[in-house]
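What follows is a short report on a single structure.
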Amino acid sequence: MTKTIVFATGNTHKLQEIQEIAKDTDIEFILPAEGFNPIEDGKTFEENSLIKAKEAARVSGQISLADDSGLCVDILNGEPGIYSARYAETPQARIDKLLNVLNGKNNRNAKFVCAMSLVDADGNLLFQTRGECFGKIAEKQSGGNGFGYDPVFLTKDTDYKITMAEMSEKEKNEISHRGRALRKVLEFLNDFNSPSH
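If you want the working numbering, it's the position in the sequence shown, counting the first as 1, plus 25.
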């Protein structure tokens, strides 16, 4: 029997990505009910993901999962971090700003971070986890897949040869921060729903 879980986002790209990662499970992810308007004033990815999950449960009255994710650049002391989506006005402006700030810098090491929080229908925390994907920022953007900072993120998993935006969706989901975090959530749900639990 298919179980429905609300995924606390307004970002349809993220929803499609997690639906793809979870396609072989009996879980279907849906968008929150109307009125979903979380105030992300946490200081960490974990705090913000919990705020979003609780808000989704409040408006939907269903078990809810949220992620908070971003790009952390070593030489920028982890920035843009939790402010990744607010770093500049548009996705392209964010990439341009990042490349500009890193212009001439040798240390371009970075990581994508994704924190996920799963709450019950009443907003109580059931499970929280984090996925990380290590890499470095490219000198220039390339690739047309993915979204966000994918066109400038060279992954360690590919020996820094290609950006996340040059990968197929399947390849990206296998190594991405969101894929790694979600697989831990799915594992938890599988154990949680097992007859012996």
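Where is the CB? At the ideal position from N, CA and C, for every residue including glycine.
Do you know how far the Cα of residue j is from the Cα of residue i?
i	j	result
Pro116	Gly204	21 angstroms
Leu211	Ala47	8 angstroms
Asn62	Leu75	13 angstroms
Pro105	Ser85	31 angstroms
Ile71	Glu65	Here residue 71 turns out to be Glu, not Ile, going by the sequence shown. Spanning the two alpha carbons is a distance of roughly 11 angstroms.
Thr22	Thr183	In this structure the chain extends from 26 to 222, so residue 22 is not present and cannot be described.
Phe217	Met192	33 angstroms
Lys207	Leu151	In the sequence as displayed, the identity of residue 207 is Leu instead of Lys. Rounded to the nearest angstrom, the two C-alpha atoms are 14 angstroms apart.
Ser167	Ala58	36 angstroms
Ala190	Ile200	13 angstroms
Thr50	Asn131	43 angstroms
Asp145	Glu80	11 angstroms
Asn149	Ile52	20 angstroms
Gly103	Lys68	13 angstroms
Asn232	Ile107	Nothing about residue 232 can be read from this structure; the chain reaches only from 26 to 222.
Ala2	Asp147	Missing from the structure shown is residue 2; the chain here goes from 26 to 222 and no further.
Exposed or buried, what is residue i when buried is set at 16 or more other beta-carbons lying within 10 Å of its beta-carbon?
i	result
Thr27	exposed
Asn128	exposed
His202	buried
Ile43	buried
Arg155	buried
Ser89	buried
Gly60	exposed
Lys195	exposed
Lys165	exposed
Near residue i, which residues of its chain fall below 6 angstroms by C-beta distance, leaving aside the five closest residues on each side in sequence?
i	result
Leu179	Gly160, Lys161, Ala163, Tyr185 and Thr188
Lys77	Ala33, Pro63 and Ala91
Ala140	Phe70, Glu71, Ser74, Asp93 and Arg155
Near residue i, what residues of its chain come up, given a Cβ to Cβ distance below 7 angstroms and the 5 sequence neighbours on each side ignored?
i	result
Leu40	Phe32, Thr34, Phe54 and Leu56
Val138	Phe70, Ser94, Gly95, Cys97, Arg155, Glu157 and His202
Arg133	Leu127, Lys161 and Ile162
Gly171	Met189, Ala190 and Lys197
Given residue i, which residues of its chain have a CB within under 8 angstroms of its CB, disregarding the five upstream and five downstream residues?
i	result
Ser109	Ser94, Gly95, Leu96, Arg119, Gly173 and Tyr174
Phe213	Leu143, Leu151, Phe152 and Thr154
Ile100	Leu127, Lys130, Asn132, Arg133 and Asn134
Hey, which unbroken runs of the beta strand (DSSP E) at 3 residues or more fall wholly within the segment 160-205?
-> 178-180
Assess, as a yes-or-no matter, whether the segment 118-127 is touched by the segment 168-182 under the definition of 3 or more beta carbon pairs within less than 8 angstroms.
-> yes
Complete beta strand (DSSP E) runs within the segment 38-65 (minimum length 3 residues, chain order) = 52-55
What residue ranges within the segment 116-166 form continuous beta strand (DSSP E) runs of no fewer than 3 residues, ordered along the chain?
-> 134-144 and 150-162
Quick one: which unbroken alpha helix (DSSP H) runs of 4-plus residues sit fully inside the segment 69-102? Chain order, please.
-> 70-85
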